[in-house]
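At position 252 of the sequence shown the residue is numbered 252 (the UniProt record's numbering), and the sequence of numbers has no breaks.
Quick reminder that beta carbons are idealized off the backbone N, C-alpha and C, glycines included.
Scroll down for the structure; my scribbles are underneath it.
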Amino acid sequence: MALTSDCIPHSNTQGIYVSLPELLLLKSQTKFSYPLINLMANQQQPGQMNTHRRGRGLMFEELRHYQPGDDIRLLDWKTTKRTGQPHIRVFTEEREKPTYIVLDQRSSLFFGSQRQMKSVLAAELFALVAWQTLKAGDRVGAFLCSESTGLYKPQRSERNLLSVLKKVEQLNHALSATNSVNGDSLNDAVNKLGRLACGAEDIWIISDLEGLSGLRSDYLNPLLQKNNLRMLMVTDPLEESMPACHRWSFSQAGQFIELNTHSRELRNKYAEQFLSAKQRIQSLILAPNTSFLELTTALTLREQVFTGMTPSERRFRS
Numbered sequence: 001m002a003l004t005s006d007c008i009p010h011s012n013t014q015g016i017y018v019s020l021p022e023l024l025l026l027k028s029q030t031k032f033s034y035p036l037i038n039l040m041a042n043q044q045q046p047g048q049m050n051t052h053r054r055g056r057g058l059m060f061e062e063l064r065h066y067q068p069g070d071d072i073r074l075l076d077w078k079t080t081k082r083t084g085q086p087h088i089r090v091f092t093e094e095r096e097k098p099t100y101i102v103l104d105q106r107s108s109l110f111f112g113s114q115r116q117m118k119s120v121l122a123a124e125l126f127a128l129v130a131w132q133t134l135k136a137g138d139r140v141g142a143f144l145c146s147e148s149t150g151l152y153k154p155q156r157s158e159r160n161l162l163s164v165l166k167k168v169e170q171l172n173h174a175l176s177a178t179n180s181v182n183g184d185s186l187n188d189a190v191n192k193l194g195r196l197a198c199g200a201e202d203i204w205i206i207s208d209l210e211g212l213s214g215l216r217s218d219y220l221n222p223l224l225q226k227n228n229l230r231m232l233m234v235t236d237p238l239e240e241s242m243p244a245c246h247r248w249s250f251s252q253a254g255q256f257i258e259l260n261t262h263s264r265e266l267r268n269k270y271a272e273q274f275l276s277a278k279q280r281i282q283s284l285i286l287a288p289n290t291s292f293l294e295l296t297t298a299l300t301l302r303e304q305v306f307t308g309m310t311p312s313e314r315r316f317r318s
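Shown next as structure tokens:
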């Protein structure tokens, strides 16, 4: 959607499209992204999850008396000799878990009245979460949603992530004001993911208000029941409230709409619709294993996420 208004000053072209070098640069900045790190904080251990299956695993759990049927290879001879009774070493087996990241790059995200397009902020968030996941030792899988859905199977490979980020850049640059077909690829991705995820995976969904509020409950519920779900919503200040300006002109798919926002009733109704949609999203994620974070195009990713940086570091890395 393109927007022109007497109230918005003209700006340069920065923030309209994302670049691959920008996405690659985020690899070196993951340690500063504390809000996202906090969303991942309930993991048992970076890159691992514990199972209740007993065996010769990686993490020692306890010593206990030998019981009929136990594997004699697990006997702890020092403890057995010291106590005079056979003891075995019990381990909690660890297994890797994949992380899936769903990125929305549909036409509704090609909008921004401030520092950047929502599509740019969403792409940067995707890259940051992906780099953090690899750093934690997990495999990264991706669903890229545009006019269709692209699936990238989970891998622990920077080379694979590089190919995914190249595709993100390609989809981002394919967005334009004249191509406004939003489609339902986000719901398609969530539906496929609900059938694919085995349980206990970390799943990230990065979209905007329109995308998240439009998620089907019957697709989302399977993910809520057995996975750790994180929703990152990118918004623009103009979506939340409309300034008291005399004229707004919107263009979409060759059609033009003009609104007179001097009407307080119109502005209040507009703000209520945003709040209602946001509350619907929050009502969908009441489960204890879900998280929600809202980010705005009014600030750069670094200003919102890299809270651990000093001012000089933030200026250097911006």
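Based on DSSP bridge pairs, tell me the residues matched to residue i.
i, result
"Ile203", "Tyr100, Leu229"
"His87", "His65"
"Val234", "Asp208, Leu295"
"Asn179", "Ser176"
Mind checking residue i: buried by the 16 CB within 10 Å criterion, or exposed?
i, result
"Asp184", "exposed"
"Trp204", "buried"
"Ser276", "exposed"
"Ala189", "buried"
"Pro21", "exposed"
"Gln14", "exposed"
"Glu201", "buried"
"Arg139", "buried"
"Asp218", "exposed"
"Asp71", "exposed"
"Gly194", "buried"
"His198", "Correcting the residue type first, residue 198 is Cys in the shown sequence and not His. Exposed."
"Asn179", "exposed"
"Lys153", "exposed"
"Asn228", "buried"
"Gly106", "Reading off the sequence, residue 106 comes out as Arg, not Gly. So Arg106 ends up on the buried side."
"Trp131", "buried"
"Pro98", "buried"
"Ile257", "exposed"
"Asn172", "buried"
"Lys31", "exposed"
"Leu301", "buried"
"Lys118", "buried"
"Leu161", "buried"
"Gln225", "exposed"
"Arg230", "buried"
"Asn221", "exposed"
Beta strand (DSSP E) containing residue i: first to last residue?
i, result
"residue 319", "As displayed, the chain neither begins before 1 nor continues past 318, which places residue 319 out of reach and without an answer."
"Lys153", "149 to 155"
For the alpha helix (DSSP H) holding residue i, just list the boundary residues, first then last.
i, result
"Arg82", "77 to 83"
"Thr133", "118 to 135"
"Tyr270", "264 to 284"
"Val140", "First-last for Val140: 139 to 145, but that is the beta strand (DSSP E), not the alpha helix (DSSP H)."
"Pro243", "Run containing Pro243: none; DSSP gives neither H nor E here."
"Gly214", "Taken as a continuous stretch (DSSP letters only), Gly214 belongs to no alpha helix (DSSP H), as it is neither H nor E."
"Val18", "Run containing Val18: none; DSSP gives neither H nor E here."
"Asp188", "185 to 196"
"Arg302", "301 to 305"
So, under 8 Å CB-CB, residue i and residue j are touching, yes? Tell me the CB distance rounded to an integer number of Å.
i, j, result
"Leu215", "Phe110", "About 20 Å; that fails the 8 Å criterion."
"Val164", "Ala142", "5 Å"
"Asn260", "Arg247", "6 Å"
"Ser113", "Leu266", "Not confirmed; about 17 Å, so no contact."
"Leu134", "Glu158", "7 Å"
"Gly150", "Leu144", "4 Å"
"Leu295", "Val234", "5 Å"
"Phe274", "Gln29", "About 31 Å separates the two Cβ atoms, so there is no contact after all."
"Ile206", "Leu232", "5 Å"
"Ser108", "Asp236", "Their Cβ separation, rounded to whole angstroms, is 11 Å, which puts Ser108 and Asp236 out of contact at 8 Å."
"Leu128", "Arg89", "Not really, about 40 Å apart at Cβ, beyond 8 Å."
"Glu104", "Leu196", "The question names Glu, yet the displayed sequence has Asp at residue 104. That pair is no contact at about 18 Å."
"Ser241", "Ala287", "30 Å between Cβ atoms; not a contact."
"Thr297", "Arg115", "6 Å"
Do we get a CB-CB distance below 9 Å when we pair residue i with the residues of chain B?
i, result
"Leu232", "Checking the listed chains, one finds no chain B in this structure; it contains a single protein chain."
Is residue i a contact residue of the ligand COA, with contact defined as CB to any heavy atom under 8 Å?
i, result
"Ser241", "Looking at this structure, you won't find the ligand COA or any other ligand, since it has none at all."
Spell out a yes or no on whether the stretch 120 to 129 and the stretch 78 to 89 are touching, meaning 3 or more CB-CB pairs, one atom from each, closer than 8 Å. no
I want to know whether the stretch 279 to 287 touches the stretch 205 to 224 - three or more CB-CB distances under 8 Å. yes
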